[in-house]
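Position in the sequence shown (first residue = 1) + 55 = the numbering used here. Where is the CB? At the ideal position from N, CA and C, for every residue including glycine.
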Amino acid sequence: MSLTISPPQNAAAFPEQGLAPTREQIVRHLRHASLVAERATLLGHHPFGAILVGPDQESVLIEQGNVDTVNHAEAVLARTAALNFTPQYLWGCTLYTTVEPCCMCAGTAYWANIGRVVFGMTEERLLQATGNHAENPTMSVSSRYVFDHCQKRVDLIGPVAEVEEEVMQVQRRFWGHI
Numbered sequence: 056m057s058l059t060i061s062p063p064q065n066a067a068a069f070p071e072q073g074l075a076p077t078r079e080q081i082v083r084h085l086r087h088a089s090l091v092a093e094r095a096t097l098l099g100h101h102p103f104g105a106i107l108v109g110p111d112q113e114s115v116l117i118e119q120g121n122v123d124t125v126n127h128a129e130a131v132l133a134r135t136a137a138l139n140f141t142p143q144y145l146w147g148c149t150l151y152t153t154v155e156p157c158c159m160c161a162g163t164a165y166w167a168n169i170g171r172v173v174f175g176m177t178e179e180r181l182l183q184a185t186g187n188h189a190e191n192p193t194m195s196v197s198s199r200y201v202f203d204h205c206q207k208r209v210d211l212i213g214p215v216a217e218v219e220e221e222v223m224q225v226q227r228r229f230w231g232h233i
């Protein structure tokens, strides 16, 4: 499922994102992000993972696990990307993340100029796994809402049915044990 937001007002500065990922690429890259999330738990962090894929929809440029409650995987990845790549290049890149970005992470991806975001499961489903856990006070502001209120159109794809239950299992294993 892809959400198309209103057309960018500055289309000359930010053309179409270019090559779209295939379904096979989407599933493969989300599974890669899930491995990054599991690795984060081995380091004592929450089970969230993100990767940045180049405009060719194959090259993994950055991997990032969750750091803490302020430095989410997606936000740290987006900030790192903004320091290392031009805005024009990032506009053709895709950020893959296990769980729908929170409003902070969606905003950071937007400001970093990442043109496409793909997620495995929704923030609403995450709440089912975490409940009212003090370490993860889930917000009810969807990334769709954030991107719908931006001047540039960020392509948003998710949730992805082929990986949604796999991502949920990683979350349940983690939150059920702390």
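The three-state secondary structure of F202, taken from DSSP, is helix. For V125, there is no enclosing beta strand (DSSP E), since its DSSP letter is neither H nor E.
In the structure shown, the three-state DSSP call for R83 is helix. Here the C-alpha atom of E219 lies approximately 14 Å from the C-alpha atom of L90. Using a 10 angstroms sphere on the CB of D123, the tally of other CB atoms stays under 16, which defines it as exposed.
The C-beta distance from A184 to W230 rounds to 5 Å, short enough to fall under 8 Å.
Between Y144 and P110, the C-beta spacing is below 9 Å. Looking at P156, R94, L98, L211, the one whose alpha-carbon comes closest to that of W146 is L211. A distance of 9 Å or more separates the beta carbons of E221 and R83.
Looking at the DSSP output, Q183 shares a beta bridge with no other residue.
Excluding the 5 residues flanking it on each side, N187 has no same chain C-beta neighbour closer than 8 Å. For F174, there is no enclosing alpha helix (DSSP H); the residue is part of the beta strand (DSSP E) that begins and ends at 171-176. The alpha-carbon of V196 is positioned some 6 Å away from that of C158.
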